[in-house]
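Asker: No gaps in the numbering here: position 80 of the sequence shown is 88 in our numbering, and each next residue is one more. Every residue, glycine too, gets a C-beta built ideally from N, C-alpha and C. Dumping the structure here so I can ask a few things about it.
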Amino acid sequence: MKSAFLRLDHWTNSLSMAVACLMLVIASALGVFQIVTRFVLEQPAEWSEILIRVSLIWMVFMGIPTAFRQGAMVSVDVLYRWSPPKMRRVLDWLVCLAALTLIGVIVWWGWDYAKRGGVQSMAGLESVSMFWAYVAMPIGGLFSVIGIVGNLLDPQRQELETAQ
């Protein structure tokens with residue numbers, strides 16, 4: 009069961025990071041496009057700015073699961089280093105529960121926000137609903153839940169090994 013969950017975790021983590029990287033590429037390309045159209049052609053594209061914002065929102069919320077998986081988001085380094093092994097496992101569980109609580113709030117209110125934003129359209133892209141921008145919160149949150157539990161089952165602690 010644990011190995012099956014960790015395979016799912018690896019797959020979802022890879023997918024979320026690929027989406028985050030794609031969103032960074034899109035935001036960068038649109039930024040260059042916006043500069044060229046605005047300052048070189050002197051005819052700015054109204055739609056590029058909102059798409060940059062949306063792609064950055066998606067990039068952040070799809071990148072967070074990787075940070076959780078690597079144990080780099082919520083950390084209690086000093087307390088963890090000074091604690092005996094049994095206390096470290098208690099700290100792992102406390103951090104996991106705190107992170108899951110936070111992500112639960114993000115998923116709950118993110119979904120509510122996305123539903124409410126469904127009637128709103130994007131400025132410059134009137135045919136596209138703001139739902140598609142706001143739904144990044146609950147989707148990224150669901151991917152984060154898998155990363156948090158994956159980190160509890162198989163801690164990586166990469167931030168502790170690279171810390172000075």
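Determine the closest residue to Gly71 out of Phe13, Asn21, Arg124, with distance taken between C-alpha atoms.
Answerer: Asn21
Asker: Pull up the distance between the alpha-carbon of Gly112 and that of Leu133, whole angstroms please.
Answerer: 31 angstroms
Asker: Could you give the DSSP three-state label for Leu133: helix, strand or coil?
Answerer: strand
Asker: Whose C-beta lies closer than 7 angstroms to the C-beta of Val136 among residues of the same chain, with five residues either side of it excluded?
Answerer: Ser129, Met130
Asker: Kindly indicate which residue of Val127, Val62, Leu49, Thr109 has the alpha-carbon position closest to the one of Val33.
Answerer: Val62
Asker: Since I believe Gly149 is in contact with Val98 (beta carbons under 8 angstroms), could you give me their beta-carbon distance rounded to a whole number of angstroms?
Answerer: That belief does not hold up - the Cβ atoms of Val98 and Gly149 are roughly 25 angstroms apart, past 8 angstroms.
Asker: Tell me which residues share the same chain as Leu14 and place their Cβ nearer than 7 angstroms to its Cβ, disregarding the 5 neighbours each side in the sequence.
Answerer: Around Leu14, the same chain offers Gly158, Leu161, Asp162 as residues with beta carbons nearer than 7 angstroms, after the five sequence neighbours per side are excluded.
Asker: Could you spell out where the alpha helix (DSSP H) holding Arg61 opens and where it closes?
Answerer: 54–77
Asker: For Thr74, I'd like the list of residues in its chain whose CB is within less than 8 angstroms of its CB, leaving aside the five on either flank, ordered along the chain.
Answerer: Closer than 8 angstroms at the Cβ level, and outside the excluded window around Thr74, lie Asn21, Ser24, Met25, Ala28, Gly155.
Asker: Measure the alpha-carbon distance for Gln78 versus Trp101 and round it to whole angstroms.
Answerer: 15 angstroms
Asker: When DSSP labels each residue in this structure, what does Leu49 get in the three-state scheme?
Answerer: coil
Asker: Can you look up Ala106 in the DSSP assignment and give me helix, strand or coil?
Answerer: helix
Asker: Starting from Ala37, follow the alpha helix (DSSP H) in both directions and report where the run begins and ends.
Answerer: 10–43
Asker: Between which two residues does the alpha helix (DSSP H) containing Gly155 stretch?
Answerer: 144–161
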